[in-house]
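Residue numbers (numbering that gives the first Met the number 0): 0 to 66. Worksheet: one structure, shown below.
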Amino acid sequence: MSSLALMFRPKNLDEICGQKAVKAAFLKFIATSKIPHSIFYGPAGCGKTSFARAVASGANYDFYEFD
């Protein structure tokens with residue numbers, strides 16, 4: 000990923016655009032501290048990792064990425 004894309008990657012759920020229903024559900028999960036196991040799928044570049052990072056940030060969790 001280019002450094003420009005990394006620089007503008009959303010840091011929290013407020014910066015995520017679209018997917019209002021999914022975003023609202025995860026905001027509820029974060030508020031209750033009960034985040035379920037989740038699998039995000041889709042084509043490369045659609046925001047799966049960015050969304051997972053934003054959820055982890057909102058819940059004050061560490062984020063570990065494995066390829």
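Every residue, glycine too, gets a C-beta built ideally from N, C-alpha and C.
When the five nearest sequence neighbours on each side are left out, the beta carbons in the same chain lying within less than 6 angstroms of the beta carbon of residue 25 are those of 54, in order along the chain.
When only Cα atoms are considered, residue 62 and residue 35 end up about 15 angstroms apart. Residue 7 counts as exposed, since fewer than 16 other C-beta atoms from the protein chains shown sit within 10 angstroms of its C-beta.
Around the beta carbon of residue 50, 16 or more other beta carbons sit within 10 angstroms, so the residue counts as buried.
Residues of the same chain with a CB within less than 7 angstroms of the CB of residue 41, apart from the 5 flanking positions on each side, are 47 in chain order.
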